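Residues 504 to 779 (my numbering) make up the sequence shown, in order.
The beta carbon of each residue, even a glycine, is placed where N, CA and C say it ideally should be.
A quick note: this is a predicted structure, and the numbers were derived from the prediction, not measured.
First comes the structure, then the notes that go with it.
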Amino acid sequence: MSAQREQSVRRLAAPDIAMRKGRLPIVCLTAYTAPIAELLDEHCDLLLVGDSVGMVLHGLPNTVGVTLEMMIMHGQAVMRGSKRAMVVVDMPFGSYEGAPETAYANAARIMKETGAQAVKVESGPAVADTVRYLVERGIPVMGHVGLRPQSVLVDGAFRARGKTNIERVRVVDEAMATAEAGAFCMVIEGVAEPLAREITARVDIPTIGIGGSPACDGQILVSDDMLGLFDWTPKFVRRYADLRGEISRAAQAYSEDVRARRFPAAAETYFATTAK
Ligand code: KIV
């Protein structure tokens, strides 16, 4: 990229995403590191520094143990690696569910220390006042309804929502509360298609599906899932690569070369005396 073009790239922000409602599909992926952000940037409208980082990169069993410091560190890396995509940083469990003032202090820290364009919270009636509080004070908020991973200890296993009427009503309430509180868009995770369709029709902000069906205004996947870095693929994921296989093959070839003294060769050695 020329220096001139590099300077002229404008990073997308919440209003750009919000105005895509019902128009061009919104392309989102998760990113946690600078080099991956750099690769994804030109293909995505929005990069989410998801708290899934705890499970994906840190080996945690769920997202509950993720800290504000972890989110800030990964948010900084993704901002350094990207130029054009909007960057949204997840607020981790425990950083926003209490008093709105505390949520504001934590969200402001994320915004100041990372330079990201918005935060994301797992949303619904219980945090609607907080979403409103943040938005009214200049912090764009992305909501997250349906399957909410931070509630896994209350709700139980990761499974699709919206098959029963009680669940359907609950998820619609979450979505309506999120939109009315002023979020600029919302993730809909793990819901039955008719429910995603109903919510997308009823709210005036874009819906971003992950296991949320094609009815949503945009789609997001955990990058490591779609790149094939895990041996288990959830139903809603399409694998666009087999990086797990590639990495394993590369590591095997390297180990065989080292053990057979084929690596390093003369071409990979400084001032080799064995060069032919
Ligand atoms: O943390 C995350 O990666 C997310 C996505 C699953 C939307 O919230």
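Presumed contact (8 Å Cβ cut-off) between residue i and residue j, rounded CB distance
i: residue 613; j: residue 622; result: 6 Å
i: residue 691; j: residue 699; result: 5 Å
i: residue 611; j: residue 599; result: Rounded, the Cβ-Cβ distance is 12 Å, inconsistent with contact.
i: residue 566; j: residue 652; result: 5 Å
i: residue 706; j: residue 678; result: 6 Å
i: residue 578; j: residue 559; result: Contact flag wrong, Cβ pair sits at about 15 Å.
i: residue 694; j: residue 672; result: Residue 694 to residue 672, Cβ: 13 Å. No contact.
Simplified DSSP assignment, three categories, for residue i
i: residue 734; result: coil
i: residue 692; result: strand
i: residue 649; result: strand
i: residue 713; result: strand
i: residue 702; result: helix
i: residue 633; result: helix
i: residue 533; result: strand
i: residue 669; result: helix
i: residue 753; result: helix
i: residue 686; result: coil
i: residue 724; result: strand
i: residue 675; result: helix
Spatially closest choice to residue i from the options, by CA coordinates
i: residue 748; options: 681, 759 and 730; result: 730
i: residue 524; options: 550, 767, 722 and 739; result: 722
i: residue 541; options: 669, 587 and 770; result: 587
i: residue 551; options: 594, 522, 632 and 762; result: 594
i: residue 545; options: 605, 757, 585 and 626; result: 585
i: residue 527; options: 512, 516, 511 and 548; result: 548
i: residue 574; options: 603, 656, 536 and 564; result: 536
i: residue 643; options: 750, 590 and 714; result: 590
i: residue 662; options: 572, 766, 539 and 739; result: 739
i: residue 676; options: 712, 516, 631 and 656; result: 631
i: residue 581; options: 554, 639, 603 and 619; result: 619
i: residue 665; options: 725, 645, 757 and 697; result: 697
i: residue 571; options: 564, 596, 555 and 562; result: 596
i: residue 564; options: 724, 656 and 522; result: 656
i: residue 583; options: 617, 568, 556 and 562; result: 617
i: residue 681; options: 636, 640 and 658; result: 636
i: residue 684; options: 773, 521 and 628; result: 628
i: residue 519; options: 711, 753 and 687; result: 687
i: residue 626; options: 728, 602, 689 and 726; result: 689
i: residue 517; options: 602, 638, 608 and 605; result: 638
Whole runs of the alpha helix (DSSP H) within the segment 549-616, excluding any shorter than 4 residues: Those alpha helix (DSSP H) runs which fall completely within the segment 549-616 and span 4+ residues are 556-559 and 571-584.
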